[in-house]
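Below is one structure, written out as structure tokens; comments come after it.
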């Protein structure tokens, strides 16, 4: 997944202790740990990503 454009929240600052998200074709996304990007990524469907965002915002 080296071709992906990884993004993190602007609230994360310059540290590498955050979650990064990359868009995938069809609206899905990949999620990884910025401090250890060589670990496996989590792949989420569009609905799964929406559910994740709802869960963390509650």
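Residue numbers (the working numbering): 9 to 66.
Note that CB positions come from ideal geometry on N, CA and C, so glycine has one too.
These numbers were taken from a predicted model, which means no experiment stands behind them.
- Secondary structure at residue 24: coil, using DSSP grouped into helix, strand and coil.
- Exposed is the label assigned to residue 15, since fewer than 16 other Cβ atoms lie within 10 Å of its Cβ.
- The residues 28, 49, in chain order, have a CB closer than 6 Å to that of residue 40 in the same chain once the five nearest residues on each side in sequence are set aside.
- Taking a 10 Å sphere around the C-beta of residue 26, we find fewer than 16 other C-beta atoms and assign the residue as exposed.
- Secondary structure note for residue 62: its alpha helix (DSSP H) is the uninterrupted segment 54 to 65.
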